[in-house]
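Everything in the sequence shown is counted per UniProt numbering, starting at 1 for the first residue and increasing by one.
Think of the CB as a built atom: it goes at the ideal place given N, C-alpha and C, for glycine as much as any other residue.
Owing to the predicted nature of the structure, the values given are computational and were not obtained by experimental measurement.
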Amino acid sequence: FNWRSSLTQHRRIHTGEKPFKCLECGKSFRQSVVLLRHWRMHTKERPFLCAVCGKRFSWRSDLIKHHRVHTGVRPYPCSYCRE
Numbered sequence: 001f002n003w004r005s006s007l008t009q010h011r012r013i014h015t016g017e018k019p020f021k022c023l024e025c026g027k028s029f030r031q032s033v034v035l036l037r038h039w040r041m042h043t044k045e046r047p048f049l050c051a052v053c054g055k056r057f058s059w060r061s062d063l064i065k066h067h068r069v070h071t072g073v074r075p076y077p078c079s080y081c082r083e
């Protein structure tokens, strides 16, 4: 592994260690970022705002996907019919 933190994360797969615990429901996670994603489910936090329609999202990646509704971009055409 290139980084000590990457090795630490990887080891948790083998050891079963889940040091990041949700204070709301008690569920535990191997990575802090996964706990954050889970936590937003409890808090309903939606910090990412669509500048076009005002809809809010918990994750930037969801906002980016949503933005295609406004732009009409469809990056994955069917290889059979090109739709």
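Starting from Leu-36, trace the alpha helix (DSSP H) in both directions and tell me its first and last residue. 32 to 43
Under a three-way DSSP split, which group does Lys-21 fall into? strand
If I follow the unbroken alpha helix (DSSP H) through Ser-61, where does it start and stop? Its alpha helix (DSSP H) spans residues 60 to 71.
Kindly indicate which residue of Ile-13, Ser-28 and Gly-54 has the alpha-carbon position closest to the one of Val-69. Gly-54
In whole angstroms, what separates the C-alpha of Lys-18 from that of Met-41? 19 Å
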